[in-house]
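Q: In the numbering used here, the protein residues as written are 4 to 492.
Structure provided below as structure tokens; questions to follow.
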Amino acid sequence: MSNIIQDIDIIDRNSESAMETVKTSKEENTGKTKKLYIESYGCQMNFADSEIVTSIMKENGYDTTSDFESADVVFLNTCSIREKAEQTVRNRLNHFNAVKKTKPEMTIGVLGCMAERLKEKLLEEEKIVDVVVGPDAYRDLPKLVESAEDGLKAVNTFLSREETYADISPVRLNSNGVTAFISIMRGCDNMCSFCVVPFTRGRERSRDPFSIVKEAQDLFDNGYKEVTLLGQNVDSYKWSADENNKAWLERKEKKGEEVEVINFANLLEMVANVSPELRVRFSTSHPKDITDEVLHTMKKYENICKYIHLPAQSGNSRVLDLMNRTYTREWYINRVDAIREILGEECGISSDMIAGFCTETEEEHQETLTLMDYVKYDFSYMFFYSERPGTLAAKKYADDIPLDVKKRRLQEIINKQQIISLERNKLDLGKVHKVLIEGTSKRSEEQLQGRNTANKVVIFPRGNHQKGDYVNVLVNDCTAATLFGEVVD
Ligand code: SAH
Ligand code: SF4
Ligand code: F3S
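Quick look at the structure:
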């Protein structure tokens with residue numbers, strides 16, 4: 004395979020999680036009078052939220068359209084994670100502005116993390132925004148759109164301690180009909196110093212596990228074969244029928260009082276039991292919280308995929324401390340060793356890495372590279388540090404690494420990852436992998452693509468196989484990002 008193809012693969016793979024990708028509405032016409040166009044940026048949780056928003060709007064008289072010029076309401080579900088993510092949205096808003104000049108009755112709404120971060124400022128600065136709604140206020144959307152149509156100010160950025168949208172059935176957008184996401188919790192209590200999420204998403208809360216199992220069962224009954232359970236820190240999932248309040252649970256636990264709690268390992272097991280034919284994935288695991296109990300549960304169920312996204316961020320303990328990640332390099336390595344011991348070499352592991360965090364020295368940057376050598380990540384999402392207003396790091400530390408140094412360090416991390424990814428993929432050559440087919444390969448109609456348990460993309464000739472089937476593929480070629488092979492049964 005040529006280097007060019009490898010490069011494209013890496014970009015493809017990155018933009019999949021990628022906190023800066025776009026997903027747009029689908030076309031659905033059930034004869035409703037009004038049309039909604041929704042465009043989503045950011046993480047998978049934001050995409051999952053767009054499916055909740057669509058459900059709420061559908062109940063209130065809207066069909067979806069994939070052509071924003073024909074929409075009555077245009078929503079941008081936005082991301083604030085890095086400066087670039089916000090810049091992309093601003094450019095897009097300018098574009099919508101131009102269209103709105105010829106169609107003044109169109110309502111434009113900003114949802115998600117940027118709405119939460121900038122609040123009224125968005126209405127004042129960007130004159131074209133009519134509605135601003137934060138992640139916990141989506142039930143209010145129909146009312147707010149109506150207010151905006153009447154020329155009133157329409158803002159709700161209230162953050163809730165309870166809202167999980169547990170009772171809302173998401174309308175699946177951009178779905179391949181095989182894989183789907185299920186939000187199991189919202190918010191984040193971790194306060195990593197670089198991160199804006201605790202400010203834009205509010206306090207962590209876990210969703211009723213029975214509503215999660217029901218959603219998984221409904222998906223399976225509708226032909227889906229894989230669900231990914233989503234949360235910023237899935238390992239701290241905790242729910243009690245007595246009272247669903249994290250602070251209350253923690254107080255009880257401190258006092259040593261017995262409370263019946265469903266933790267993440269319990270939840271995984273409940274979802275895995277929906278059907279052995281339904282694959283279960285999850286994201287994101289926090290290195291400080293991932294337990295051996297979770298790893299043993301993964302081992303016990305064939306249908307829980309052997310893949311863990313375990314963001315390290317840095318390989319140096321001093322930098323990790325400044326980042327407020329609350330683990331050290333040694334702790335992280337201990338968790339990786341536990342994964343290898345319990346689940347073996349085949350378990351896929353991926354990471355997020357930040358290059359050039361405040362005061363990071365060359366030696367400390369080298370430790371990120373040596374951690375990568377130790378763990379041998381299958382792939383990573385790699386970024387350079389982008390200071391976010393209001394975060395702990397922005398308040399406490401100078402953003403003192405020059406941009407060219409950040410970029411150079413990032414490039415070294417990317418180069419290292421390419422080498423390791425290829426090395427890891429070569430270990431898969433000559434082996435048979437169980438693959439769930441997700442659809443036609445992006446490269447050719449004649450090829451299908453799916454993923455193995457370790458979350459690696461596998462491409463093979465179409466034959467008589469169909470989307471949603473499980474097939475055994477003998478892998479005979481690879482790039483740094485993709486495995487190629489042939490079905491053997
Ligand atoms: N909850 C997940 C991460 C969610 S944000 C976790 O704790 O791992 C996704 C990734 O974006 C982070 O893992 C981090 O690598 C990156 N990121 C977050 N804030 C950033 C910032 N200010 N600059 C650069 N990258 C950032
Ligand atoms: Fe951000 Fe840290 Fe929470 Fe992840 S765990 S969302 S990086 S604060
Ligand atoms: Fe972005 Fe908000 Fe997700 S900041 S990464 S959309 S939680």
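All residues carry an ideal CB built from backbone N, CA and C; glycine is no exception.
Note that the structure is predicted; figures quoted are calculated from it, not measured.
How would you label residue 251, buried or exposed, when you count the other beta carbons within 10 angstroms and need 16 or more for buried?
A: Under this definition residue 251 is an exposed residue.
Q: What three-state label does DSSP hand residue 381 in the structure shown?
A: Looking at residue 381 - three-state DSSP - the assignment turns out to be coil, as it is neither helix nor strand.
Q: Which residues end up in the neighbourhood of ligand 3 when you take C-beta atoms closer than 6 Å to any of its heavy atoms?
A: After applying the 6 Å Cβ criterion, the set is 22, 45, 46, 48, 49, 82, 83, 84, 115, 116, 199, 200, 203, 204.
Q: For the alpha helix (DSSP H) that residue 451 lies in, which residues bound it at each end?
A: Counting along the chain, residue 451 falls outside any alpha helix (DSSP H), though it belongs to the beta strand (DSSP E) covering 450 to 454.
Q: Looking at residue 306 and ligand 2, is the gap between the Cβ and the nearest heavy atom below 7 Å?
A: Outside the cutoff, so no.
Q: Return the first residue and the last residue of the beta strand (DSSP E) that residue 125 is part of.
A: Element bounds for residue 125: not the beta strand (DSSP E) but the alpha helix (DSSP H), 123 to 128.
Q: For residue 161, verify whether its CB is less than 7 Å away from any heavy atom of ligand 1.
A: Not so, every heavy atom of ligand 1 lies at least 7 Å from the Cβ.
Q: For residue 420, I'd like the list of residues in its chain whose CB is within less than 7 Å of its CB, leaving aside the five on either flank, ordered along the chain.
A: Only 375, 380, 382, 383, 385 meet the Cβ criterion.
Q: Quick one: does the C-beta of residue 197 sit closer than 7 Å to a heavy atom of ligand 1?
A: Checking the Cβ of residue 197 against ligand 1 gives yes.
Q: Pull up the DSSP beta-bridge partners for residue 473, would you.
A: 439, per the DSSP bridge assignment.
Q: Could you check which residue in 210, 192, 211, 131 has the C-alpha nearest to that of residue 202?
A: Checked all of 210, 192, 211, 131; the closest Cα to residue 202 is 192.
Q: Would you say the beta carbon of residue 469 is closer than 7 Å to some non-hydrogen atom of ligand 2?
A: Residue 469 Cβ: outside cutoff for every heavy atom of ligand 2.
Q: Given that a residue counts as buried once 16 or more other Cβ atoms are within 10 Å of its Cβ, and exposed if not, what is residue 73?
A: Exposed, since its Cβ has fewer than 16 Cβ neighbours within 10 Å.
Q: Start and end of the beta strand (DSSP E) containing residue 489?
A: Note, residue 489: beta strand (DSSP E), 485 to 490.
Q: So what's residue 326 in DSSP terms, helix, strand or just coil?
A: Three-state result, residue 326: coil.
Q: Under a three-way DSSP split, which group does residue 188 fall into?
A: Residue state, collapsed to three classes: strand.
Q: Compute the minimum distance between the beta carbon of residue 391 and the heavy atoms of ligand 1, and state whether it is under 7 Å.
A: Checking every heavy atom of ligand 1 against the Cβ of residue 391, one is found closer than 7 Å.
Q: Out of 85, 280, 271, point me to the one whose CA is closest to residue 223's CA.
A: Out of 85, 280, 271, 280 has the C-alpha closest to the C-alpha of residue 223.
Q: Could you say which of 482, 465, 453 lies nearest to residue 181 if we only look at CA atoms?
A: For the residues 482, 465, 453, the minimum Cα distance to residue 181 belongs to 453.
Q: Confirm, please, whether the CB-CB distance from residue 60 to residue 173 is below 8 Å.
A: Contact flag unset, no.
Q: In chain order, what residues of the same chain have a beta carbon less than 7 Å from the beta carbon of residue 353, not counting five sequence neighbours either side?
A: Answer for residue 353: 312, 380, 381, 382, 383, listed in chain order.
Q: For residue 301, which three-state DSSP category applies?
A: Here residue 301 sits in helix by DSSP.
Q: Is the Cβ of residue 444 closer than 8 Å to any Cβ of chain C?
A: Of the protein chains in the structure, only one exists, and it is not chain C.
Q: Rounding to the nearest angstrom, what Cα-Cα distance links residue 339 and residue 67 in this structure?
A: Those two C-alpha atoms are separated by around 44 Å.
Q: Between which two residues does the beta strand (DSSP E) containing residue 356 stretch?
A: From DSSP, the beta strand (DSSP E) with residue 356 extends over 351 to 358.
Q: Below 8 Å on the Cβ atoms is my guess for residue 304 versus residue 350; work out the distance and round it to an integer in Å.
A: At roughly 14 Å, the Cβ-Cβ gap does not stay under 8 Å, so residue 304 and residue 350 are not in contact.
Q: Among 108, 308, 124, 209, which one has its Cα closest to the Cα of residue 164?
A: If we check each option's Cα against that of residue 164, 209 comes out closest.
Q: What are the residues that DSSP puts in a beta bridge with residue 316?
A: Residue 316 is bridged to 356.
Q: I'd like to know whether the C-beta atoms of residue 76 and residue 112 end up nearer to each other than 8 Å.
A: Yes, Cβ-Cβ distance for residue 76 and residue 112 is below 8 Å.
Q: I need the DSSP call for residue 278, collapsed to helix, strand or coil.
A: Residue 278 falls in the coil class under three-state DSSP.
Q: Under 8 Å between the Cβ atoms of residue 460 and residue 476?
A: No.
Q: Is the separation between the beta-carbon of residue 152 and that of residue 138 shorter than 8 Å?
A: Their beta carbons are not under 8 Å apart, which means residue 152 does not touch residue 138 by this criterion.
Q: Curious, which full-length alpha helix (DSSP H) runs of at least 4 residues does the stretch 163 to 241 contain?
A: Those alpha helix (DSSP H) runs which fall completely within the stretch 163 to 241 and span 4+ residues are 200 to 204, 212 to 224.
Q: What is the DSSP secondary structure of residue 56, counted as helix, strand or coil?
A: Of the three classes helix, strand and coil, the one that applies to residue 56 here is helix, per DSSP.
Q: Report the residue from 160, 155, 127, 257 whose alpha carbon sits nearest the alpha carbon of residue 143.
A: Answer by Cα proximity: 160.
Q: Taking residue 55 as the reference, give the member of 33, 82, 167, 83 with the closest Cα.
A: Ranking the options by Cα distance to residue 55, first place goes to 167.
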